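Novice:
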C-alpha cells in the first residue's frame, strides 16, 4: 500500500517497527524505545506503558500549579515525560521522521 505522499504504508493488520524518543526535562533524562504496532497511535500507547513501567512517576503533594497543568495540556505527561519524536525503524527510517503528536 502507499499513502498520499507516495511512501509505503503498512496494512492495518501488519505491524511496523517504530522508534520513539521521550524526554524528561525536570530530571534531565532521555529514553528511547522500539515497539511493533500497525499505527503510530498504537505505538505511542505501548511505549507510554513501557516507559511508565520502567520509570514510575514521582508522587507529588498537593494540587498541580497552573503552570504544571498548562504543560500537561501541551503534551507532557504528569510524570514529566514528553514524547519528543516518533519514527519508523528500518532501512528507510530517515524518510519517516515526524514531530510528536500532542497527547
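Numbering (our numbering), first residue to last: 16 to 118. We treat Cβ as the ideally placed atom computed from N, Cα and C, and that holds for glycine. None of these values were measured; they are calculated from a predicted model.
Closest to residue 44 by C-alpha separation, out of 56, 62, 96, would be which residue?
Specialist: Among 56, 62, 96, the Cα nearest to that of residue 44 is on 96.
Novice: Using DSSP with H/G/I as helix, E/B as strand and the rest coil, what is residue 104?
Specialist: Coil, per DSSP.
Novice: Suppose only complete runs of 4+ residues qualify. What are the alpha helix (DSSP H) ranges in the region 27 to 75, listed by chain order?
Specialist: Listed in chain order, the complete alpha helix (DSSP H) runs (minimum 4 residues) inside the region 27 to 75 are 55 to 69.
Novice: According to the neighbour-count rule (16 or more other Cβ atoms, all chains shown, within 10 Å of its Cβ), is residue 62 buried or exposed?
Specialist: Result: buried.
Novice: State yes or no: is the C-beta of residue 100 within less than 8 Å of the C-beta of residue 36?
Specialist: Against a cut-off of 8 Å, the Cβ pair of residue 36 and residue 100 comes out as a contact.
Novice: Would you kindly check if the distance between the Cβ of residue 49 and the Cβ of residue 60 is under 8 Å?
Specialist: No; because the gap between Cβ atoms is not below 8 Å, this pair is not in contact.
Novice: Taking the straight line between their C-alpha atoms, what separation do you get for residue 30 and residue 78?
Specialist: When rounded, the distance between both Cα atoms is 40 Å.
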